[in-house]
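*Asks:* One structure, pasted below without further comment.
2 protein chains.
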Amino acid sequence: MENLIRFGEKFFDELEIAVYRSRDVSASVELNEISMASTRGGAVTVIRGINEGRLGLAIIDSDDPERIKEAIEQAAKMAKLNGRDEKWVSLPEPGAYKEAPKPNYGLKEASPDILVEKLVRGIKLAREKDPNAVVAGGEGGVSWEKRHVVNSHGVDVFQEGGAAFFFLELVGRKGDVVTPGIFDFDARRDLNLDVDGVVDRAVQRVRWAYNVEKSRNEEVPIILGPWAIAGLLSYTLLPAFSGERLVKETTPLAGKVGEKIASEVLTIYDDPFHPLSLEPTVADGEGVPTRKNVLIENGTFRGFVWDNYWAKVNGTESTGNGKRDLKSGGIGIDFHNVVIENGKRSLEDLIAEIDRGYFVDGFQGAHSSNPDNGNFAVTANPAFLIEDGEVKGASVFLVAGNVYELLNRASEITREQTVMPFMTTMTTPFIKFENVKIAGK
Amino acid sequence: MENLIRFGEKFFDELEIAVYRSRDVSASVELNEISMASTRGGAVTVIRGINEGRLGLAIIDSDDPERIKEAIEQAAKMAKLNGRDEKWVSLPEPGAYKEAPKPNYGLKEASPDILVEKLVRGIKLAREKDPNAVVAGGEGGVSWEKRHVVNSHGVDVFQEGGAAFFFLELVGRKGDVVTPGIFDFDARRDLNLDVDGVVDRAVQRVRWAYNVEKSRNEEVPIILGPWAIAGLLSYTLLPAFSGERLVKETTPLAGKVGEKIASEVLTIYDDPFHPLSLEPTVADGEGVPTRKNVLIENGTFRGFVWDNYWAKVNGTESTGNGKRDLKSGGIGIDFHNVVIENGKRSLEDLIAEIDRGYFVDGFQGAHSSNPDNGNFAVTANPAFLIEDGEVKGASVFLVAGNVYELLNRASEITREQTVMPFMTTMTTPFIKFENVKIAGK
Numbered sequence: 001m002e003n004l005i006r007f008g009e010k011f012f013d014e015l016e017i018a019v020y021r022s023r024d025v026s027a028s029v030e031l032n033e034i035s036m037a038s039t040r041g042g043a044v045t046v047i048r049g050i051n052e053g054r055l056g057l058a059i060i061d062s063d064d065p066e067r068i069k070e071a072i073e074q075a076a077k078m079a080k081l082n083g084r085d086e087k088w089v090s091l092p093e094p095g096a097y098k099e100a101p102k103p104n105y106g107l108k109e110a111s112p113d114i115l116v117e118k119l120v121r122g123i124k125l126a127r128e129k130d131p132n133a134v135v136a137g138g139e140g141g142v143s144w145e146k147r148h149v150v151n152s153h154g155v156d157v158f159q160e161g162g163a164a165f166f167f168l169e170l171v172g173r174k175g176d177v178v179t180p181g182i183f184d185f186d187a188r189r190d191l192n193l194d195v196d197g198v199v200d201r202a203v204q205r206v207r208w209a210y211n212v213e214k215s216r217n218e219e220v221p222i223i224l225g226p227w228a229i230a231g232l233l234s235y236t237l238l239p240a241f242s243g244e245r246l247v248k249e250t251t252p253l254a255g256k257v258g259e260k261i262a263s264e265v266l267t268i269y270d271d272p273f274h275p276l277s278l279e280p281t282v283a284d285g286e287g288v289p290t291r292k293n294v295l296i297e298n299g300t301f302r303g304f305v306w307d308n309y310w311a312k313v314n315g316t317e318s319t320g321n322g323k324r325d326l327k328s329g330g331i332g333i334d335f336h337n338v339v340i341e342n343g344k345r346s347l348e349d350l351i352a353e354i355d356r357g358y359f360v361d362g363f364q365g366a367h368s369s370n371p372d373n374g375n376f377a378v379t380a381n382p383a384f385l386i387e388d389g390e391v392k393g394a395s396v397f398l399v400a401g402n403v404y405e406l407l408n409r410a411s412e413i414t415r416e417q418t419v420m421p422f423m424t425t426m427t428t429p430f431i432k433f434e435n436v437k438i439a440g441k
Numbered sequence: 442m443e444n445l446i447r448f449g450e451k452f453f454d455e456l457e458i459a460v461y462r463s464r465d466v467s468a469s470v471e472l473n474e475i476s477m478a479s480t481r482g483g484a485v486t487v488i489r490g491i492n493e494g495r496l497g498l499a500i501i502d503s504d505d506p507e508r509i510k511e512a513i514e515q516a517a518k519m520a521k522l523n524g525r526d527e528k529w530v531s532l533p534e535p536g537a538y539k540e541a542p543k544p545n546y547g548l549k550e551a552s553p554d555i556l557v558e559k560l561v562r563g564i565k566l567a568r569e570k571d572p573n574a575v576v577a578g579g580e581g582g583v584s585w586e587k588r589h590v591v592n593s594h595g596v597d598v599f600q601e602g603g604a605a606f607f608f609l610e611l612v613g614r615k616g617d618v619v620t621p622g623i624f625d626f627d628a629r630r631d632l633n634l635d636v637d638g639v640v641d642r643a644v645q646r647v648r649w650a651y652n653v654e655k656s657r658n659e660e661v662p663i664i665l666g667p668w669a670i671a672g673l674l675s676y677t678l679l680p681a682f683s684g685e686r687l688v689k690e691t692t693p694l695a696g697k698v699g700e701k702i703a704s705e706v707l708t709i710y711d712d713p714f715h716p717l718s719l720e721p722t723v724a725d726g727e728g729v730p731t732r733k734n735v736l737i738e739n740g741t742f743r744g745f746v747w748d749n750y751w752a753k754v755n756g757t758e759s760t761g762n763g764k765r766d767l768k769s770g771g772i773g774i775d776f777h778n779v780v781i782e783n784g785k786r787s788l789e790d791l792i793a794e795i796d797r798g799y800f801v802d803g804f805q806g807a808h809s810s811n812p813d814n815g816n817f818a819v820t821a822n823p824a825f826l827i828e829d830g831e832v833k834g835a836s837v838f839l840v841a842g843n844v845y846e847l848l849n850r851a852s853e854i855t856r857e858q859t860v861m862p863f864m865t866t867m868t869t870p871f872i873k874f875e876n877v878k879i880a881g882k
């Protein structure tokens with residue numbers, strides 16, 4: 001890599017070479033049968049070079065040095081055609097990196113067989129526990145990635161590691177009732193995926209859903225589950241922490257560092273080193289050391305997250321949140337593992353205290369939310385009516401509101417905490433909110 | 442491949458091996474600058490084997506015979522764990538294939554440089570023609586694919602070919618007005634991408650959009666452009682032609698062959714051999730000969746389209762519409778090139794005759810439509826108010842309705858016809874609809 005950097009310096013004032021080599025095995029379920037087993041992989045190299053403030057960025061599907069040289073030349077041609085980016089400062093310098101946790105090499109050469117077995121076991125268990133349930137879909141996967149980021153300022157970080165995930169979607173049919181699709185999942189840095197737990201939790205909710213309860217317009221306590229929380233916050237709250245949005249004036253959190261923006265029960269941080277993190281990375285996509293960044297501490301907003309570019313534009317420092325999009329090659333501000341700190345009591349305890357309210361497993365339509373102000377309008381489905389401390393059946397309703405108003409209504413957080421490997425990776429408990437206005441459907 | 446089929450027959454009653462090798466070059470624009478140039482490619486092999494009605498499906502990222510053998514064994518293990526599919530009949534037999542048009546080998550080894558040049562030219566032209574316009578985004582791409590499908594019944598079809606596309610997104614800023622993103626594009630089987638035409642059309646609409654006109658609740662003629670049509674029909678109408686949906690009773694077109702379902706001005710067919718088609722394929726994803734399939738002829742519904750599996754379940758024949766999803770490996774019913782037959786007069790002529798109405802360039806929210814009944818609720822944006830035969834400015838409004846009701850309101854089709862390379866590939870003119878109810882916003 002050293003040679004390639006020297007080669008690139010003939011064309012550029014500064015340059016970065018990032019090489020990714022990945023291997024992904026997976027298996028899928030469709031309607032109680034295994035529908036597919038796959039093994040895929042490959043290499044991608046991204047060249048980012050800057051000459052007199054002009055950017056060149058080239059991507060190739062190879063880690064072969066000769067092809068990397070060609071890509072450097074490609075990026076150099078492109079930089080010549082571009083205008084100067086007056087805001088450009090520089091690529092990052094090396095930093096003080098933590099010691100990376102040892103990767104679990106057992107995942108490196110995993111066979112799809114293991115996933116097929118786990119899925120077959122999940123299907124069998126689910127059908128035994130509920131003969132009316134169909135495993136409509138599901139997937140198991142193991143990914144392994146090697147990443148090597150070097151730049152002409154001396155950054156040189158190599159990391160590798162992997163994670164495994166497993167999910168099932170159950171649909172129950174009983175009499176005239178067809179339940180909504182009920183998802184449950186597990187994700188971790190080893191192969192001890194909790195198939196039994198996934199099935200137990202999903203079957204429980206399918207059972208609840210055999211009874212359908214009408215919802216109505218009311219103001220009630222609601223408990224949101226990890227999937228609902230991750231869906232809603234990914235589109236309404238998390239973008240607001242981006243330093244790029246601070247510079248571009250598209251975050252409602254501008255000027256609010258140190259202010260209370262949520263209920264005191266809420267503490268949220270981004271932490272690649274959390275014990276449940278799927279990717280305990282020591283450096284971000286441009287080689288800046290990662291760290292735990294507190295976003296909200298007991299309801300108080302603590303600060304924005306930054307990549308190298310926008311931090312320097314703003315005269316501050318990267319928080320190690322530069323993540324590379326392998327499709328566009330570009331670096332954007334994003335999270336490693338957003339953690340919502342858990343509480344003391346169990347979900348069961350919280351449900352037992354509700355006279356009338358709802359437990360929301362998932363939201364539909366969160367992607368249409370507006371992160372500029374936090375407004376959202378979503379359909380709660382799957383969702384469940386709670387009466388007299390017990391789940392009575394499935395309901396569908398609408399919630400339209402503002403995420404900051406909602407966060408101020410949080411009253412308790414559960415002890416249970418789940419890693420959501422989809423969308424932004426989040427480690428989240430269940431959260432109870434008081435007096436939420438809902439529209440029956 | 443013959444050897445691999447023989448090898449697979451040790452494990453399976455029938456099997457299919459489909460090998461795909463692709464190469465994609467592309468370049469992108471962000472905010473007036475070239476943001477990326479990429480060259481990617483690779484091979485994918487999908488094994489589909491059936492033993493005593495049990496399916497095994499394996500995917501690998503290679504076309505190496507040894508790895509294909511491993512994948513066959515993987516698929517065989519999986520088939521053993523699956524239940525019998527009682528509906529399974531057989532893989533297809535070879536058919537009578539048309540002669541494939543000669544591919545344009547000029548695209549096979551295209552360099553991203555050509556695309557960078559075209560994008561640079563597009564940016565320059567756009568900014569010359571409208572100094573208030575920013576090229577917010579854009580992309581040029583050339584793809585080449587080799588496909589080889591063989592099965593144990595003697596199907597053995599090799600095809601290769603490529604296509605190129607180009608699009609720009611312009612945003613204009615004048616005084617307090619920021620226009621919506623205005624897209625225009627070209628796609629074809631050679632590199633003569635019409636950069637000037639893309640810029641001219643986009644700049645014209647940006648100019649229109651500098652004037653903002655309020656919309657109101659009214660019943661008016663609207664003209665839909667190719668992007669709006671492709672978006673709306675992909676989610677509301679096209680799924681209804683699927684034979685799988687006929688079998689599963691989820692299409693409103695069941696029992697309606699020969700009935701009038703749209704205005705007489707509308708003729709719609711799927712035709713991979715249309716002169717503008719980007720992929721003139723002679724066989725579908727499972728090696729069944731393709732053909733022109735008429736869907737709607739002068740307003741009358743002519744029939745469903747089928748892949749091998751659902752056709753045999755239904756006791757009919759595949760129409761050559763089995764398309765492979767390289768992510769899941771599965772075959773699904775889909776289209777090659779949906780053509781809406783064009784008319785005689787120009788878009789200009791149609792606009793000139795409208796006293797008050799709208800031209801809709803794009804719809805938002807079409808993906809939430811219900812293909813089971815054709816109901817939709819979309820936001821028209823970008824859209825333009827027409828008064829006294831002239832475009833007056835940009836408007837945003839809502840249209841909620843049913844696609845079949847809308848299709849019955851079609852009154853005229855333009856001569857101009859455009860290939861839409863996104864979502865379902867469609868070749869579509871502009872269509873005028875009468876007395877459409879809209880809700881002002």
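In order, the protein sequences belong to chains A and B.
Reminder that position 236 of the first sequence reads as 236 in the working numbering, one-by-one numbering, no gaps.
With positions in the second sequence counted from 1, the corresponding number in the working numbering is that position plus 441.
Virtual Cβ for every residue (Gly too), placed ideally from N, Cα, C.
None of the values given here were measured: they were computed from a predicted structure.
1. Suppose the cutoff is 6 angstroms on Cβ atoms and the five residues either side in sequence are ignored; what does the same chain contact list for B:K733 look like?
2. If I measure Cβ to Cβ from A:N298 and keep anything under 7 angstroms in the same chain, skipping five residues before and after, which residues do I get?
3. Restricting to Cα atoms, I'd like to know which of A:V294, A:V134, A:T428 and A:V149 is closest to A:L224.
4. Please report the residue range of the beta strand (DSSP E) in which A:I114 lies.
5. Please list the segments of the alpha helix (DSSP H) lying wholly inside the segment 189–245 of chain A, counting only runs of 4 or more residues, in order along the chain.
6. Using a C-beta to C-beta distance shorter than 7 angstroms, which residues of chain A count as neighbours of B:M867?
7. With DSSP run on the structure shown, which of helix, strand or coil describes B:L472?
8. Which class does A:D355 belong to by DSSP, given the choice of helix, strand or coil?
9. Closer than 8 angstroms, Cβ to Cβ, to anything on chain B: give me those residues from the segment 60–83 of chain A, in chain order.
10. Is it buried or exposed, B:D505, if we count other Cβ atoms within 10 angstroms and call 16 or more buried?
11. Leaving out five residues before and five after B:Q805 in sequence, what residues of the same chain have Cβ atoms less than 7 angstroms from its Cβ?
12. Taking one C-beta from the segment 854–866 of chain B and one from the segment 777–791 of chain B each time, how about it: are there three or more such pairs within less than 8 angstroms?
13. Check whether the Cβ atoms of B:G696 and B:L498 lie closer than 7 angstroms to each other.
14. Within a Cβ cutoff of 6 angstroms, which residues of the same chain sit near A:V25, ignoring the five residues on either side of it in sequence?
15. Using a Cβ-Cβ cut-off of 7 angstroms, state whether B:A478 counts as contacting chain A.
16. Using a Cβ cut-off of 7 angstroms (strictly closer), state whether A:A58 contacts chain B.
17. Please report whether the beta-carbon of B:I475 lies at a distance below 7 angstroms from any beta-carbon of chain A.
18. If you count every other CB in all the chains shown that lies within 10 Å of the CB of A:G172, and 16 or more means buried, which is it?
19. Spatial neighbours of B:S683 within its chain, please: CB distance less than 6 angstroms, with the 5 preceding and 5 following residues excluded, ordered by chain position.
20. Where does B:R657 land, buried or exposed, given buried means 16+ other C-beta within 10 angstroms?
21. State the DSSP-derived secondary structure class of B:S503, mapped to helix, strand or coil.
22. What residues are listed by DSSP as bridge partners for A:Y20?
23. Quick one: using the 10 Å Cβ neighbour count with 16 as the cut-off for buried, is A:P180 buried or exposed?
24. Taking A:V282 as the reference, which of A:R356, A:D372 and A:G95 has the closest Cα?
25. What does the alpha-carbon distance come out to for the pair B:E540 and B:V735?
26. Strictly below 7 angstroms CB to CB, what residues from chain A border B:S469?
27. When you compare only the Cα positions, how much space is there between A:G53 and A:E86?
28. If we call anything under 7 angstroms between Cβ atoms a contact, is A:F165 one with A:A136?
29. List the endpoints of the continuous beta strand (DSSP E) containing B:F838.
30. Classify B:V688 as helix, strand or coil using the three-state DSSP reduction.
31. Under 7 angstroms, CB to CB, which of the residues in the segment 96–128 of chain A have a partner in chain B?
32. At the level of alpha carbons, what is the spacing between B:P542 and B:P721?
33. In this structure, does DSSP put A:M426 in helix, strand or coil?
34. Determine which residues share a DSSP beta bridge with B:E828 and list them.
35. Determine, using beta carbons only, whether A:G41 comes closer than 7 angstroms to chain B.
36. By the 10 Å Cβ neighbour count, where 16 or more other Cβ atoms means buried, how is A:L91 classified, buried or exposed?
*Replies:* So, from the listed chains and residues:
1. Y710 and D712
2. E264 and T267
3. A:T428
4. Careful: A:I114 lies outside any beta strand (DSSP E), inside the alpha helix (DSSP H) at P112 to K129.
5. 195–209 and 226–236
6. Here the premise fails: no neighbours, minimum Cβ distance about 24 angstroms.
7. coil
8. coil
9. I60, D61, A71, Q74, A75, K77, M78, L81, N82 and G83
10. exposed
11. V819, T820 and N822
12. yes
13. no
14. T39, A110, P112 and V142
15. yes
16. yes
17. Closer than 7 angstroms to some Cβ of chain A, the Cβ of B:I475 qualifies, so yes.
18. The residue is buried, with at least 16 neighbouring Cβ atoms inside 10 Å.
19. I774
20. exposed
21. coil
22. Per DSSP, A:V44 and A:R147.
23. buried
24. Among A:R356, A:D372 and A:G95, the Cα nearest to that of A:V282 belongs to A:G95.
25. 21 angstroms
26. Within chain A, the residues near B:S469 are S328.
27. 7 angstroms
28. no
29. It spans E831 to N843 - the beta strand (DSSP E) in which B:F838 sits, taken as one unbroken run.
30. Looking at B:V688 - three-state DSSP - the assignment turns out to be helix.
31. P112, D113, V116 and V120
32. 7 angstroms
33. strand
34. B:E828 is bridged to B:R797 and B:E831.
35. yes
36. buried
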